[in-house]
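Asker: Structure incoming, see below.
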Amino acid sequence: MTYARVMAALLGIVLALPVGAEQLAKQLFGAKSSSSRQAPASYGSYAKGCVAGAVQLPETGPTWQAMRLSRNRNWGHPETIDFIKKLSGFAAQQPGWNGLYIGDISQPRGGPMTSGHRSHQIGLDIDIWMLPTSRLNLSQRKRENISSISMQRANGAYVNGSWSRAHHEIIRAAARDPRVARIFVFPGAKVQMCKDNKGSRRWLRKVRPWWGHHYHFHVRLSCPKGAAGCVNQNPPPRGDGCAEAQQWVNNILNPPPPQPRDPNAPKPQPRREYYLADLPQQCTSVLRSN
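Sequential numbering from 0 applies to the sequence shown in the working numbering.
Quick look at the structure:
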């Protein structure tokens with residue numbers, strides 16, 4: 000029997016199982032400690048997919064350190080690893096920075112994570128700490144216990160005194176990389192960058208406000224060229240997005256009145272956990288690969 004037929008048979012067995020008899024996808028992918036022996040490829044979407052042939056970011060490099068090593072989430076598509084190395088080299092040129100502290104990328108084979116993110120599933124998302132890198136010789140224990148620092152005040156309406164021009168320059172450099180689709184930051188940071196920017200504003204379109212991104216900024220790369228089976232997010236709206244970010248800030252400072260609740264409306268359902276059958280078909284091969 001050919002390899003393709005074997006994999007098809009395995010997938011058929013999985014799909015035939017009752018839902019209750021099948022393990023959650025996060026348990027299956029979270030149990031893998033190494034990448035698949037396949038050509039690099041991202042399958043599915045950022046919040047519903049997997050990655051084949053992922054590359055592990057070395058724990059320490061000349062201009063970066065991977066953090067929280069016990070999570071084993073310093074794996075990504077080769078384009079992602081290359082991006083990190085390039086951006087960290089730029090960061091090392093900024094005053095007070097020796098490079099970057101890198102948070103979660105993906106699990107060794109991507110997929111849903113056992114805890115935390117809904118995204119980061121196809122090896123193209125990166126969390127980069129806001130904490131300036133004063134040292135690049137942190138021990139593994141130190142990397143488990145040290146924390147990044149928050150850049151926000153007033154619940155995200157403004158940056159605080161820890162925000163610096165270096166943060167602006169690093170995020171701008173990331174956004175100007177053609178591989179980048181989006182960068183998520185807290186609303187006050189986006190508004191501050193809009194105010195401080197000189198010259199072209201095209202890069203600001205990629206910087207989008209989102210809750211929670213004040214200890215780190217989240218870089219999302221586009222699907223690599225020619226990547227069949229990888230699903231890009233829709234492009235950001237046209238324009239620099241500064242007016243929209245200012246509206247987020249206005250709503251933080253002066254929250255609009257709550258919308259009246261329909262007493263007959265059904266209760267919102269919790270998000271359903273994914274099983275292997277919910278993911279792209281290629282993810283079965285990624286999971287089974289030695």
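Idealized CB from N, CA, C, for every residue including glycine.
Look at A165 and Q93 and say whether their C-beta atoms are less than 7 Å apart.
Answerer: Closer than 7 Å, so yes.
Asker: Give the C-beta separation of S105 and V54 to the nearest angstrom, bearing in mind that I take them to be a contact with Cβ-Cβ under 8 Å.
Answerer: With a Cβ gap of about 10 Å, S105 and V54 do not count as contacting.
Asker: Which of the three DSSP states, helix, strand or coil, is assigned to T59?
Answerer: T59 falls in the strand class under three-state DSSP.
Asker: If you pair each beta-carbon of the region 250-264 with each one of the region 197-217, do three or more pairs fall below 8 Å?
Answerer: Taking 8 Å as the limit for Cβ pairs, the verdict is that the region 197-217 does not touch the region 250-264.
Asker: In chain order, which continuous runs of the beta strand (DSSP E) of length 3 or greater are located wholly inside the region 161-201?
Answerer: Counting whole runs of 3 or more residues, the region 161-201 contains the beta strand (DSSP E) stretches 179-184.
Asker: Quick one: Cα of K266 to Cα of P259, how far?
Answerer: Taking the straight line from one Cα to the other gives about 15 Å.
Asker: Does R152 come out as helix, strand or coil in the three-state DSSP assignment?
Answerer: Strand, per DSSP.
Asker: Starting from R219, follow the beta strand (DSSP E) in both directions and report where the run begins and ends.
Answerer: Run containing R219: 215-220, per the beta strand (DSSP E) assignment.
Asker: So, with DSSP's three-state summary, where would you put N290?
Answerer: One cannot answer for residue 290 here, as it falls past the ends of the chain, which runs 0 to 289.
Asker: Is S41 buried or exposed, if buried means 16 or more other CB atoms sit within 10 Å of its CB?
Answerer: S41 should be labelled buried.
Asker: With a 10 Å radius around its C-beta and 16 neighbouring C-beta atoms as the bar for buried, classify I101 as buried or exposed.
Answerer: Counting Cβ neighbours within 10 Å, I101 comes out buried, since at least 16 surround it.
Asker: Enumerate in chain order the residues of its own chain whose CB-to-CB distance from N154 is below 8 Å, with the five nearest sequence positions on each side excluded.
Answerer: Around N154: I251.
Asker: In whole angstroms, what is the alpha-carbon distance linking A20 and P61?
Answerer: Confidence at A20 is low in this model, with a pLDDT of 48, below 50, so the placement of that residue is unreliable and no value is reported for it.
Asker: Assuming A30 and Y274 form a contact by the criterion Cβ under 8 Å, report the distance between their Cβ atoms to the nearest whole angstrom.
Answerer: Contact flag wrong, Cβ pair sits at about 15 Å.
Asker: Straight-line CA distance for C241 to Q64?
Answerer: Answer to the nearest angstrom: the Cα atoms are 32 Å apart.
Asker: Look up C49 in the DSSP assignment and give the residues it is bridged to.
Answerer: C49 pairs with Y42.
Asker: Should A148 be labelled buried (16 or more other beta-carbon atoms within 10 Å of its own) or exposed?
Answerer: One detail in the question is off: residue 148 reads as Ile in this sequence, not Ala. I148 is exposed by the Cβ-count criterion.
Asker: Could you check what DSSP says for N144 in three-state terms: helix, strand or coil?
Answerer: Reduced to three states, the DSSP call for N144 is helix.
Asker: Taking a contact to mean a Cβ-Cβ separation below 7 Å, would you say L135 touches T79 in this structure?
Answerer: No, Cβ-Cβ distance for L135 and T79 is not below 7 Å.
Asker: May I have the straight-line CA-CA distance separating M112 from A172, to the nearest angstrom?
Answerer: Rounded to the nearest angstrom, the two C-alpha atoms are 29 Å apart.
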